[in-house]
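Residue numbers (this note's numbering), protein chains in the order written: chain A, 83 to 435; chain B, 2 to 273. The block underneath contains the structure these notes are about, expressed in structure tokens.
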């Protein structure tokens, strides 16, 4: 065996090393970038708002701002801010979940929905949209079936006694295929004049029906999932060395695997339940993160979170401003994600060379 | 519980992969390793050397018998606790991600850390000491996918040392390595035993047992039928019966008159 061959992710040029100062600088830059993108996103739209008004409006949540026009305040605080918060957390969450899964499954080509969470949640939402127009019911159904799908994959993999990661991934693919077929069945029987379009649009992903009340439940769940993956991030390095190495190093693998899968699944299920299926971000952003900070999950997880948040915020802002009717965000993330991923594969020889 | 100073004691250990399997991989294996002692395990491919080592490392569960670590049964110990006492150097495989050497070595601190913590500066220093001991310091920033096979093996040994174990298990650390790297590894192993570690080394090279002395066990037919000093165990007859090849055991004129074991190419089983 020759060392250096058969690795999936190759370091950029072998020389890139991040000193502590460099890394802190980069982190500050990413935070500033996110802040700028956030302000711009709050400014633009059918109703333009100046940067100062945006900042004043945000501050008015905490301190009264009598000079601010109520319209501007309402546009920013009631309409755009909840949406921006949701986009930031979903972008950060899916990226972090993707990075964690790529480490856990030791495969840079997996995405957060590898265990069937999106397919399951999509099915739940489709069923709900078939019978009701109640958005709350749809969200709950999506969340519950998303979690259920992953639980099912986990249970199937356990039947074979050894819960090796490979069995788990295969079980996830099986469950995903099953729920995708069931979703097609729901679409097939849905009333083609009102129910079917609702299902189709919902599955393509959009943040346009986010309201403050959605955030009450979604924000703590997303923050919780991200927080868990953030604090366990160094352990993902150890787990990514392989199951035997991790065990020999004293890792209680079953327990830690369950924690990581649960956190990532909650993030994905909440994301699908509030904004539909937003693909590619969880696959591509961790690669961008590795180019910036290298493979160490201690640095990668926060970097992926910041990059993912900014990226999805830009995409969502484009989705709601470039045309008169909103473009489903899942279409844009795929249109950008697929070619970017192809480029990254080539540039980093990320495949099997 | 009896009080014993023996770091590692294997008592009547048997292993089979599943309950349905009637054939044991090995059965009724007993031996012990003292402080600072190197126990070399040799034997043909597939006789269960790795399986035995993985049982001792707590990665596989034996179906009968007992493994005592400092007098305590491993079956009743928590994974993290086992990993604080036993360092395991697995057979070489490369990680998926190109972590810098330093990051791989510091993973040895895992059993000493909480699930939600990252290595501290103190952990980093222990890793640096380990890299120093095996002579890796100049490579600490290099991605581990861009170093040689011998260097990677040293990374794994340094990682095991960073666990600060009292027992070290090495599963064929010298296979795939050139002569220079083989000797580097053996030299490192000898130095570690000098520090008081009890070491179990599986190898394909009977000659290595002469090089590092200590005791030798030959694994064959699901047991360790031959066990003792290298001079007692590694003879022309036993090597022929174990590996089915003719070897010549000879004494060097220099080098303290140590013995060497040289395989011969003749397939003539009768000997001469």
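Using N, Cα and C, we set each Cβ at its ideal position, and we do this for glycine too.
Below-7 Å beta-carbon distance, residue i vs any chain B residue
| i | result |
| --- | --- |
| residue 255 of chain A | no |
| residue 422 of chain A | no |
| residue 378 of chain A | yes |
| residue 309 of chain A | no |
| residue 427 of chain A | no |
| residue 125 of chain A | no |
| residue 111 of chain A | no |
| residue 192 of chain A | no |
| residue 186 of chain A | no |
Contacts that residue i makes with chain C (C-beta to C-beta distance below 9 Å)
| i | result |
| --- | --- |
| residue 139 of chain B | Reference to chain C is not applicable here, since the protein chains of this structure are A and B. |
Which of helix, strand or coil DSSP assigns to residue i
| i | result |
| --- | --- |
| residue 218 of chain B | strand |
| residue 295 of chain A | helix |
| residue 67 of chain B | strand |
| residue 155 of chain B | helix |
| residue 35 of chain B | coil |
| residue 179 of chain A | helix |
| residue 419 of chain A | helix |
| residue 92 of chain A | Its pLDDT being 39, under 50, residue 92 of chain A is placed unreliably by the model, and the measurement read from it follows with that caveat. In the structure shown, residue 92 of chain A sits in coil (DSSP, three-state: anything other than H, G, I, E or B). |
| residue 40 of chain B | strand |
| residue 27 of chain B | strand |
| residue 165 of chain A | helix |
| residue 129 of chain A | coil |
| residue 94 of chain B | coil |
| residue 202 of chain A | helix |
| residue 214 of chain A | coil |
| residue 143 of chain A | coil |
| residue 408 of chain A | coil |
| residue 117 of chain B | coil |
| residue 60 of chain B | coil |
| residue 144 of chain B | strand |
| residue 3 of chain B | Bear in mind that a pLDDT of 45 at residue 3 of chain B, under 50, signals an unreliable position, so the number given afterwards is only what the model happens to contain. Residue 3 of chain B falls in the coil class under three-state DSSP. |
| residue 88 of chain B | strand |
| residue 101 of chain B | strand |
| residue 16 of chain B | strand |
| residue 85 of chain A | Caution is warranted here: a pLDDT of 38 is assigned to residue 85 of chain A, below 50, making its placement in the model unreliable, and the coordinate value is therefore given only provisionally. It is coil, neither helix nor strand. |
Residue j beta carbon less than 7 Å from that of residue i
| i | j | result |
| --- | --- | --- |
| residue 379 of chain A | residue 318 of chain A | yes |
| residue 27 of chain B | residue 34 of chain B | no |
| residue 90 of chain B | residue 159 of chain B | no |
| residue 203 of chain B | residue 14 of chain B | no |
| residue 176 of chain A | residue 353 of chain A | yes |
| residue 155 of chain A | residue 168 of chain A | no |
| residue 100 of chain B | residue 190 of chain A | no |
| residue 125 of chain A | residue 131 of chain A | yes |
| residue 350 of chain A | residue 114 of chain A | no |
| residue 246 of chain B | residue 264 of chain B | yes |
| residue 187 of chain B | residue 170 of chain B | no |
| residue 183 of chain A | residue 192 of chain A | yes |
| residue 51 of chain B | residue 172 of chain B | yes |
| residue 102 of chain B | residue 129 of chain B | no |
| residue 71 of chain B | residue 199 of chain B | no |
| residue 1 of chain B | residue 254 of chain B | The requested residue 1 of chain B does not occur in the structure, where chain B is confined to residues 2 to 273. |
| residue 178 of chain A | residue 391 of chain A | no |
| residue 281 of chain A | residue 211 of chain A | yes |
| residue 168 of chain B | residue 9 of chain B | yes |
Chain A within 7 Å of residue i, Cβ atoms only
| i | result |
| --- | --- |
| residue 98 of chain B | yes |
| residue 18 of chain B | no |
| residue 111 of chain B | yes |
| residue 78 of chain B | no |
| residue 206 of chain B | no |
| residue 84 of chain B | yes |
| residue 263 of chain B | no |
| residue 119 of chain B | yes |
| residue 91 of chain B | yes |
| residue 108 of chain B | yes |
Contact test: residue i Cβ vs the ligand GTP heavy atom, cutoff 6 Å
| i | result |
| --- | --- |
| residue 81 of chain B | The ligand GTP is absent from the structure shown, which contains no ligand whatsoever. |
Given 8 Å, three or more beta-carbon pairs between the segment 356 to 366 of chain A and the segment 384 to 402 of chain A = yes
task = Could you pull out every unbroken beta strand (DSSP E) segment of at least 3 residues lying fully inside the segment 162 to 233 of chain B, listed in chain order?
result = 168 to 172, 199 to 203, 216 to 221, 224 to 229
ask   = Within the chosen definition, does the segment 212 to 226 of chain A reach the segment 377 to 391 of chain A through at least 3 CB pairs nearer than 8 Å?
value = no
task = Check whether the segment 224 to 235 of chain A touches the segment 193 to 205 of chain A, counting contact only when three or more Cβ pairs, one atom from each stretch, lie closer than 8 Å.
result = yes
query = What are the start and end residues of each continuous alpha helix (DSSP H) run of 4 or more residues lying completely inside the segment 331 to 360 of chain A, in chain order?
reply = 335 to 357
inquiry  = With a threshold of 8 Å, are at least 3 pairs of Cβ atoms found where one atom belongs to the segment 125 to 138 of chain B and the other to the segment 401 to 420 of chain A?
reply    = no
ask   = Contact between the segment 166 to 178 of chain B and the segment 146 to 154 of chain B: three or more CB pairs below 8 Å?
value = yes
query = Do the segment 188 to 195 of chain B and the segment 216 to 224 of chain B meet, that is, are 3 or more Cβ pairs less than 8 Å apart?
reply = no
query = If we count Cβ pairs, one from each stretch, closer than 8 Å, do we get three or more for the segment 298 to 315 of chain A versus the segment 76 to 93 of chain B?
reply = no
query = Are three or more beta carbon pairs between the segment 279 to 298 of chain A and the segment 228 to 239 of chain A nearer than 8 Å?
reply = no
query = Pairing CB atoms from the segment 114 to 121 of chain B with CB atoms from the segment 306 to 318 of chain A, are three or more of them under 8 Å?
reply = yes
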